[in-house]
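The block underneath contains the structure these notes are about, expressed in structure tokens.
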Amino acid sequence: MRAAWGMNPNACFPYKAIVVLTTSSLLLSFSQSKPDSRTPLPHFEDVALRVGLSVPHISSRSKDFILDTISGGIGFIDCDNDGRLDVLAVNGSTVDEYRNNSGHLMLTLYHQEPDLKFTDITRRAGLTRRGWGMGIAVADYDNDGLPDIYVTGFGHNILYHNLGNCQFEDVTERAGVAGGGFSTAAAWADYDRDGNVDLFVTRYVQLDTNRLPPPGSSRLYCTYFGRPVHCGPQGLLGETDLLYRNRGDGTFQNVSETAGLSRSDLHYGLGAIWGDYDNDGWPDLYVASDAGTNFLYHNTRDGKFEEVGMIQGVALSSTGLIQGSMGVDWGDFDHDGQQDLLVTAFTGQSLKLYRNLGKLGFADVGTISQIAEPTVPLIGWGVGFFDMDNSGWLDIIMANGHIYPQADSIAETAHYHQPLLVFHNQRNGKFENVSSALGTLTPASWRGLALGDVNNDGCVDVAVLNVDGPPSLLLNHCPVSNHRVLLKLLGTASNQEAIGARVTVKTARMSQFDEVRGGGSYMSQNDSRLHFGFGPEDKIDLLEIRWPSGRKETIRDLPADFIYTIVEGKGINAKKRIRPGEP
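For my numbering, add 23 to where a residue sits in the sequence shown, where the first one is 1.
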């Protein structure tokens, strides 16, 4: 979050510049398909207060300490398997409340009723642990058919086991995943492909709440354009990360060191996401660091990982500078069959779009894709690829917000409250800033961002966490002329939630793919169902699934505009027609 080395306006840290050599032919070899100008862009409507998402996020108004600025995540879960997405929002705290053990509930759960109204069922659901919440990730860790919740926080984390009917039990201690320290992002994946999802947790800085450095106490680390602000992360000790291997009996083993993920060179970890970037069938891990190099851990298929971020070209900016990185997402924005990477950054830097060049590694194409410049003044947090108009091409959305309220009195920097940004894929390697689709959405200091089809109309909606305020739920009113599909996968030999499954859909005009993920964006959780848009095409010629177990299945000639439930080894188990424009 804080300006990266070499970027702090009050510091003169030396940095190592690494020259990244690329060729224009590699960066510009995009599909030249053009958008259909006849299809209108969608527009988004914030319906949060109208539908009942009203609990404000808690943090200190003055933001005197770094703890006040990091929280929190937001996400979707279908906690009772009724086919409707429920909403999870993480809550923060204040230093005084934390010191007095009188913190707030770390999580709010809103259950969706049939009329697109949401009810706060947090206490009834048993989600009653208090503390300082940071992020969330959802997975069915015990393969009982019910999604469970992992909550990260400062001081302790929580694993809530789903008992059915949206009732949860705190099994943290029994499972052995309490963690501790300053935990931030969490992400689930079956990294050893044994049928049980494992858990990765990245951590931020080492802090003692009884010895917090006051704002302005160090000119080097606690000022911003000469104004006193909270200290850190620079000047504070970083942290190690945690990898918990699922034993399959309800307990986990900390294998961070043996797997090669507990780094001795402590870092400021904020974002984490699993994804098979090299298409070898095994989940790899990307970790975003604040004011430090980012890490790409390649799965060596023997329970261990090799760090290849620098070699692959995703550790630094294209000019060799370290960034203040937060939010992350994978997606194939250019239809070349390779997963590309989004990484948000601090003000004065820009949103990074690393194009996957296969065996040649990654190249930062943020500038030539025209997404970099609009993001330079902002601080990016939650981020995601999504097909907002069901064209079959991935667009980008990014949540922004400053960390210093003092920014409003500084002419040289952006305001504390900042807008969301939306970029429309032009199908030629470039994006257009179409943030006007968000209408008159009031700027805020946003953090987590989650994507999911809340009303099952085939349009991807957006939930965003607002620091100091209630969340926003942006209902997507997308073109009804374009066709779409939602896919709910259920594993049998694979983990029940099918996290790590890859689906490829082919139509007469294009091929797309995506993977099921547990955690991502910025400490948040997307809809576990996979969404694909098809433009004017009304059927899928071929659907291919590569399950985490290694099993491969194909289904042919599927009509679009349905929600399909597909069970590993058994094919389509259920389907429900999508009715555009209906709640």
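Using N, Cα and C, we set each Cβ at its ideal position, and we do this for glycine too. Since the model is a prediction, treat every value here as computed from it, not as a measurement.
Residue 279 to residue 162, Cα distance in whole Å?
-> The residue you call residue 279 lines up with position 256 of the sequence shown. The residue you call residue 162 lines up with position 139 of the sequence shown. Rounded to whole angstroms, residue 279 to residue 162 spans 20 Å at the Cα level.
Can you give the Cα-Cα distance for residue 503 and residue 97, rounded to whole angstroms?
-> The count along the sequence shown starts at 1 and reaches residue 503 at position 480. The count along the sequence shown starts at 1 and reaches residue 97 at position 74. If I take the Cα positions, the gap works out to 28 Å.
For residue 218 versus residue 547, is the C-beta distance shorter than 8 Å?
-> Here residue 218 is taken as the residue at index 195 of the sequence shown, counted from 1. Here residue 547 is taken as the residue at index 524 of the sequence shown, counted from 1. Against a cut-off of 8 Å, the Cβ pair of residue 547 and residue 218 comes out as no contact.
Within 10 angstroms of the Cβ of residue 355, are there 16 or more other Cβ atoms? Answer buried if so, exposed if not.
-> Here the question's residue 355 lines up with position 332 in the sequence shown. Buried is the call here.
Using alpha carbons as the reference points, say which of 323, 565, 513 and 255 lies closest to residue 87.
-> Counting from 1 along the sequence shown, the entry for residue 87 is found at position 64. Comparing Cα positions, the closest option is 255.
Where DSSP assigns a beta bridge to residue 346, which residues make up the other side?
-> In the sequence shown, residue 346 corresponds to position 323, counting from 1. Note: residue 346 sits in a beta bridge opposite 315.
Beta-carbon separation (whole angstroms), residue 362 vs residue 298, contact threshold 8 Å = In the sequence shown, counting from the first residue as 1, residue 362 sits at position 339. In the sequence shown, counting from the first residue as 1, residue 298 sits at position 275. About 6 Å separates the two Cβ atoms, so the contact holds.
Between residue 55 and the rest of its own chain, which residues show a CB-CB distance below 8 Å, the 5 nearest in sequence each way excluded?
-> Counting from 1 along the sequence shown, the entry for residue 55 is found at position 32. Summary for residue 55: the model assigns pLDDT 46, below 50, so the residue's position carries little reliability; its value from the coordinates is reported in the next sentence. Counting only Cβ-Cβ distances below 8 Å, and skipping sequence neighbours, we find 450 and 451.
Quickly, what does DSSP pair residue 421 with across the bridge? List them, please.
-> Taking the sequence shown and counting its residues from 1, one reaches residue 421 at position 398. Beta-bridge pairing links residue 421 to 406 and 444.
Minimum C-alpha distance to residue 568 - residue among 430, 191 and 521 | What you label residue 568 is simply residue 545 of the sequence shown in a count that begins at 1. For the residues 430, 191 and 521, the minimum Cα distance to residue 568 belongs to 521.
Within 8 Å, strictly: CB atoms of residue 200 and residue 291 = In the sequence shown, residue 200 corresponds to position 177, counting from 1. In the sequence shown, residue 291 corresponds to position 268, counting from 1. No.
Ordered along the chain, which non-local residues of its own chain (more than five positions away) have a Cβ less than 7 Å from that of residue 395?
-> Your numbering for residue 395 matches position 372 in the sequence shown. Answer for residue 395: 373, 374 and 389, listed in chain order.
How long is the line joining the alpha carbons of residue 597 and residue 584, rounded to whole angstroms?
-> As a working note, residue 597 is residue 574 in the sequence shown. As a working note, residue 584 is residue 561 in the sequence shown. If you take the alpha carbons of residue 597 and residue 584, they lie about 14 Å apart.
Helix, strand or coil at residue 92 [DSSP, three-state] | The residue labelled residue 92 in the question sits at position 69 within the sequence shown. Helix at residue 92.
Rounded C-alpha distance that separates residue 70 from residue 507 | Here the question's residue 70 lines up with position 47 in the sequence shown. Here the question's residue 507 lines up with position 484 in the sequence shown. So the alpha carbons of these two residues sit roughly 23 Å apart.
To the nearest angstrom, report how far apart residue 589 and residue 443 are at their CA atoms.
-> For the purposes of this step, residue 589 is taken as the residue at position 566 of the sequence shown. For the purposes of this step, residue 443 is taken as the residue at position 420 of the sequence shown. Their Cα atoms are separated by approximately 34 Å.
Separation of residue 476 from residue 136, as counted between CA atoms | Within the sequence shown, residue 136 is the residue found at index 113, counting from 1. Within the sequence shown, residue 476 is the residue found at index 453, counting from 1. Taking the straight line from one Cα to the other gives about 15 Å.
By the 10 Å Cβ neighbour count, where 16 or more other Cβ atoms means buried, how is residue 479 classified, buried or exposed?
-> Within the sequence shown, numbered from 1, the residue matching residue 479 stands at position 456. Answer is buried; the Cβ neighbour count reaches 16.
Quick one: using the 10 Å Cβ neighbour count with 16 as the cut-off for buried, is residue 459 buried or exposed?
-> Translated into positions along the sequence shown, residue 459 becomes position 436. Flag for residue 459 reads exposed.
Can you tell me whether residue 465 is buried or exposed, with buried defined as 16 or more other CB within 10 angstroms of its CB?
-> Taking the first residue of the sequence shown as position 1, residue 465 is located at position 442. That one is exposed.
How about residue 232 and residue 239: do their beta carbons lie closer than 8 Å?
-> Mapped onto the sequence shown, residue 232 falls at position 209. Mapped onto the sequence shown, residue 239 falls at position 216. No, these two residues do not count as a Cβ contact at 8 Å.
With a floor of 4 residues, list each alpha helix (DSSP H) that falls wholly inside the segment 202-236, ordered by position along the chain.
-> none
Chain-order list of residues whose beta-carbon lies under 8 Å from that of residue 84 (same chain, five-residue window excluded) | Residue mapping note: residue 84 aligns to position 61 of the sequence shown, counting from 1. Correct list, in chain order: 428 and 491.
Would you give the residue range spanned by the beta strand (DSSP E) that residue 471 belongs to?
-> Here the question's residue 471 lines up with position 448 in the sequence shown. Element bounds for residue 471: 469-475.
Excluding the 5 residues preceding and the 5 following residue 474 in the sequence, name in chain order all residues of the same chain whose CB lies nearer than 7 Å to its CB.
-> Residue numbering aside, residue 474 sits at position 451 when the sequence shown is read from its first letter. So the list reads 407, 409, 483, 485, 549 and 550, once near-sequence residues are dropped.
Quickly, what does DSSP pair residue 134 with across the bridge? List them, please.
-> By 1-based counting over the sequence shown, the position of residue 134 is 111. Its beta-bridge partners are 142.
Is it right to say residue 168 is buried, meaning 16 or more other beta carbons lie within 10 angstroms of its own, or is it exposed?
-> Taking the first residue of the sequence shown as 1, we reach residue 168 at position 145. By the neighbour-count rule (16 or more Cβ atoms within 10 Å), residue 168 is not buried but exposed.
Starting from residue 190 and walking both ways along the beta strand (DSSP E), at which residues does that stretch end?
-> Numbered from 1 along the sequence shown, position 167 holds the residue referred to as residue 190. 190-193 is the span of the beta strand (DSSP E), which, as asked, contains residue 190.
Pick from 95, 378, 133 and 67: whose alpha carbon is nearest that of residue 75?
-> Here residue 75 refers to the residue found at position 52 of the sequence shown. Comparing Cα-Cα distances from residue 75 to each of 95, 378, 133 and 67, the minimum goes to 133.
Could you tell me the boundaries of the alpha helix (DSSP H) in which residue 397 lies?
-> Position 374 of the sequence shown holds residue 397. First-last of the alpha helix (DSSP H) with residue 397: 395-398.
Residue of 424, 319 and 420 minimising C-alpha distance to residue 384 = Position 361 of the sequence shown holds residue 384. Considering only alpha carbons, the answer is 319.
Who pairs with residue 506 in a beta bridge, going by DSSP?
-> As a working mapping, residue 506 is identified with position 483 in the sequence shown. Its beta-bridge partners are 558.
Inspect the CB distances between the segment 528-536 and the segment 190-200 and report whether three or more fall short of 8 Å.
-> no
The beta strand (DSSP E) spanning residue 527 covers which residue range?
-> Taking the sequence shown and counting its residues from 1, the one referred to as residue 527 is at position 504. Unbroken beta strand (DSSP E) run through residue 527: 525-529.
Short check: CB of residue 534 to CB of residue 571, under 8 Å?
-> Your numbering for residue 534 matches position 511 in the sequence shown. Your numbering for residue 571 matches position 548 in the sequence shown. Cβ atoms of residue 534 and residue 571: not closer than 8 Å.
Residues bridged to residue 113 [DSSP beta-bridge criterion] | The sequence position of residue 113 within the sequence shown is 90, counting from 1. Paired residue(s): 130.
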